[in-house]
Amino acid sequence: MRRSAGEGAVYQRKAGVEKGFWVAEYKAGGKKKYLYGKNKKAITDKLKERLSFGEADLAPEADTLLVGAYLDRWLSAIKGTVKERTRERYEVDVRLHIKPVVGGTKLLKLAPLDVQELYRSKLDSGLSPRSV
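Convert by adding 119 to the 1-based position in the sequence shown; the result is the number in this note's numbering.
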(Lines of atoms letter the chains of each structure in order from A and count residues from 1; the text may use other names and numbers.)
(Lines give C-alpha, C1' and ligand atoms only; values in the text may rest on other atoms or scores of the structure.)
Protein backbone atom coordinates (compact mmCIF):
# COMPACT_ATOMS: atom_id res chain seq x y z
CA MET A 1 0.00 0.00 0.00
CA ARG A 2 1.32 3.41 -0.96
CA ARG A 3 2.16 5.86 1.84
CA SER A 4 0.73 9.36 1.94
CA ALA A 5 2.88 12.38 1.21
CA GLY A 6 5.23 13.18 4.09
CA GLU A 7 5.15 9.67 5.59
CA GLY A 8 8.47 8.58 4.13
CA ALA A 9 9.31 5.40 2.23
CA VAL A 10 10.32 1.96 3.50
CA TYR A 11 12.02 -0.51 1.17
CA GLN A 12 14.52 -3.36 1.17
CA ARG A 13 17.95 -2.83 -0.37
CA LYS A 14 18.63 -5.26 -3.16
CA ALA A 15 22.29 -4.51 -3.89
CA GLY A 16 25.41 -3.03 -2.39
CA VAL A 17 27.14 -3.49 0.93
CA GLU A 18 23.92 -3.51 2.92
CA LYS A 19 22.05 -5.98 0.72
CA GLY A 20 18.94 -7.21 2.48
CA PHE A 21 18.84 -4.28 4.92
CA TRP A 22 15.68 -2.25 5.17
CA VAL A 23 15.83 1.49 4.50
CA ALA A 24 13.45 4.25 5.54
CA GLU A 25 13.70 7.51 3.67
CA TYR A 26 12.06 10.74 4.88
CA LYS A 27 12.52 14.50 4.85
CA ALA A 28 13.36 16.52 7.95
CA GLY A 29 14.23 20.18 7.86
CA GLY A 30 14.11 20.13 4.07
CA LYS A 31 16.80 17.45 3.81
CA LYS A 32 16.45 13.81 2.89
CA LYS A 33 17.36 11.49 5.79
CA TYR A 34 17.76 7.73 5.97
CA LEU A 35 17.28 5.10 8.67
CA TYR A 36 18.57 1.55 8.38
CA GLY A 37 17.40 -1.67 10.03
CA LYS A 38 17.49 -5.44 9.77
CA ASN A 39 13.74 -5.97 9.37
CA LYS A 40 10.72 -4.06 8.14
CA LYS A 41 8.96 -3.79 11.51
CA ALA A 42 12.01 -2.30 13.25
CA ILE A 43 12.59 0.27 10.55
CA THR A 44 8.89 1.19 10.35
CA ASP A 45 8.82 1.75 14.12
CA LYS A 46 11.93 3.95 13.93
CA LEU A 47 10.39 5.94 11.09
CA LYS A 48 7.12 6.49 13.00
CA GLU A 49 9.09 7.66 16.04
CA ARG A 50 11.14 10.14 14.01
CA LEU A 51 8.17 11.49 12.09
CA SER A 52 6.16 11.97 15.28
CA PHE A 53 8.75 14.50 16.47
CA GLY A 54 8.64 16.52 13.28
CA GLU A 55 12.37 17.14 13.50
CA ALA A 56 14.67 14.15 13.60
CA ASP A 57 17.35 15.84 15.72
CA LEU A 58 15.07 15.80 18.76
CA ALA A 59 14.34 12.06 18.74
CA PRO A 60 17.40 10.42 20.35
CA GLU A 61 17.06 12.14 23.74
CA ALA A 62 13.42 13.14 23.70
CA ASP A 63 12.37 10.59 26.30
CA THR A 64 14.49 12.30 28.98
CA LEU A 65 14.52 15.91 27.73
CA LEU A 66 12.72 18.38 30.00
CA VAL A 67 10.75 21.34 28.68
CA GLY A 68 13.11 23.76 30.46
CA ALA A 69 16.21 22.22 28.85
CA TYR A 70 14.53 22.21 25.45
CA LEU A 71 13.65 25.90 25.81
CA ASP A 72 17.26 26.70 26.75
CA ARG A 73 18.45 24.94 23.59
CA TRP A 74 15.80 26.76 21.55
CA LEU A 75 16.89 30.15 22.91
CA SER A 76 20.50 29.49 21.91
CA ALA A 77 19.43 28.15 18.52
CA ILE A 78 17.50 31.30 17.59
CA LYS A 79 20.44 33.56 18.39
CA GLY A 80 21.33 35.35 15.17
CA THR A 81 18.00 34.56 13.51
CA VAL A 82 15.99 37.13 15.46
CA LYS A 83 16.94 40.55 16.79
CA GLU A 84 18.81 40.45 20.08
CA ARG A 85 16.09 42.41 21.89
CA THR A 86 13.48 39.88 20.73
CA ARG A 87 15.61 36.99 21.97
CA GLU A 88 16.10 38.74 25.32
CA ARG A 89 12.32 39.17 25.64
CA TYR A 90 11.80 35.47 24.86
CA GLU A 91 14.39 34.59 27.50
CA VAL A 92 12.57 36.68 30.13
CA ASP A 93 9.21 35.11 29.24
CA VAL A 94 10.68 31.61 29.41
CA ARG A 95 12.47 32.27 32.72
CA LEU A 96 9.63 34.07 34.52
CA HIS A 97 6.51 32.47 33.12
CA ILE A 98 7.07 29.14 31.37
CA LYS A 99 9.87 27.37 33.26
CA PRO A 100 8.34 27.78 36.74
CA VAL A 101 5.13 26.09 35.58
CA VAL A 102 6.14 23.41 33.05
CA GLY A 103 9.96 23.53 32.98
CA GLY A 104 10.30 20.29 34.94
CA THR A 105 7.90 18.35 32.71
CA LYS A 106 9.32 15.85 30.24
CA LEU A 107 8.93 17.19 26.73
CA LEU A 108 7.15 14.04 25.57
CA LYS A 109 4.66 14.33 28.44
CA LEU A 110 3.76 17.96 27.70
CA ALA A 111 0.15 17.97 26.54
CA PRO A 112 -1.93 20.68 24.88
CA LEU A 113 -3.99 20.83 28.07
CA ASP A 114 -0.83 21.76 30.05
CA VAL A 115 -0.22 24.69 27.71
CA GLN A 116 -3.87 25.76 27.91
CA GLU A 117 -3.72 25.69 31.72
CA LEU A 118 -0.54 27.80 31.59
CA TYR A 119 -2.33 30.38 29.41
CA ARG A 120 -5.36 30.40 31.71
CA SER A 121 -3.27 30.81 34.88
CA LYS A 122 -1.35 33.73 33.35
CA LEU A 123 -4.57 35.45 32.27
CA ASP A 124 -6.10 34.88 35.72
CA SER A 125 -3.00 36.34 37.37
CA GLY A 126 -3.68 39.67 35.67
CA LEU A 127 -1.52 39.55 32.55
CA SER A 128 -3.16 41.03 29.49
CA PRO A 129 -4.06 38.73 26.59
CA ARG A 130 -1.45 40.53 24.50
CA SER A 131 1.26 39.62 27.02
CA VAL A 132 0.22 35.99 27.10
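A virtual CB, placed ideally from N, CA and C, is assigned to each residue, including glycine.
Using a threshold of 8 Å, state whether the C-beta atoms of residue i and residue j are closer than that.
i	j	result
residue 194	residue 220	no
residue 245	residue 187	no
residue 215	residue 189	no
residue 234	residue 241	no
The beta strand (DSSP E) with residue i in it runs from where to where?
i	result
residue 128	128-131
Among the options, which one has its Cα closest to the Cα of residue i?
i	options	result
residue 338	142, 161, 164	This structure cannot settle anything about residue 338, because the visible part of the chain is limited to 120 through 251.
residue 151	230, 232, 169, 160	169
residue 183	132, 131, 229, 130	229
Below 7 Å, is the gap between the Cβ of residue i and the nearest heavy atom of the ligand FAD?
i	result
residue 151	As far as ligands go, the structure on display features none, and thus does not contain the ligand FAD.
Since residue i is in the alpha helix (DSSP H), which residue starts that stretch and which ends it?
i	result
residue 205	203-212
residue 188	186-196
residue 240	231-243
residue 218	218-221
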